[in-house]
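Undergrad: Below is a structure I'd like to ask you about.
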Ligand SMILES: [Zn+2]
């Protein structure tokens, strides 16, 4: 990953993951559940700088906080630690 302007880079990452999550939660037969799940997932980003990565245990990796959130457990992972 190339180093970029820190804020913009992070913003982009979060937007990417938000889009992925939105697609993941898109279950046409249960629109209410979808919205609620997505909002819960989105709220977990409020703690972006308070949760260390659940895999490597670090706060920052390449200057980025763990921006990935597990869909079910909402645990924090770095983008590179989530596989
Ligand atoms: Zn990590």
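In the working numbering, the protein residues as written are 7 to 89.
Glycine residues also receive a C-beta, built at the ideal position from the N, C-alpha and C atoms.
The model shown is predicted, which means the values in this text are computed figures rather than measured ones.
1) Within 10 Å of its beta-carbon, does residue 73 have 16 or more other beta-carbons around it, so buried, or fewer, so exposed?
2) Please classify residue 30 as buried or exposed, where buried requires at least 16 neighbouring CB atoms within 10 angstroms.
3) How is the alpha helix (DSSP H) around residue 48 delimited, first residue to last?
4) Taking its Cβ as the centre, do 16 or more other Cβ atoms sit within 10 Å of residue 84, making it buried, or is it exposed?
5) Are the CB atoms of residue 50 and residue 88 nearer to each other than 9 Å?
6) Count the other C-beta atoms from every protein chain shown that fall within 10 angstroms of the C-beta of residue 71, then say buried if there are 16 or more, exposed otherwise.
7) Less than 7 Å between C-beta atoms, sequence neighbours within five positions excluded: which residues of the same chain meet that for residue 60?
TA: Result, derived from the coordinates:
1) buried
2) exposed
3) 37-49
4) buried
5) no
6) buried
7) 81, 82, 83
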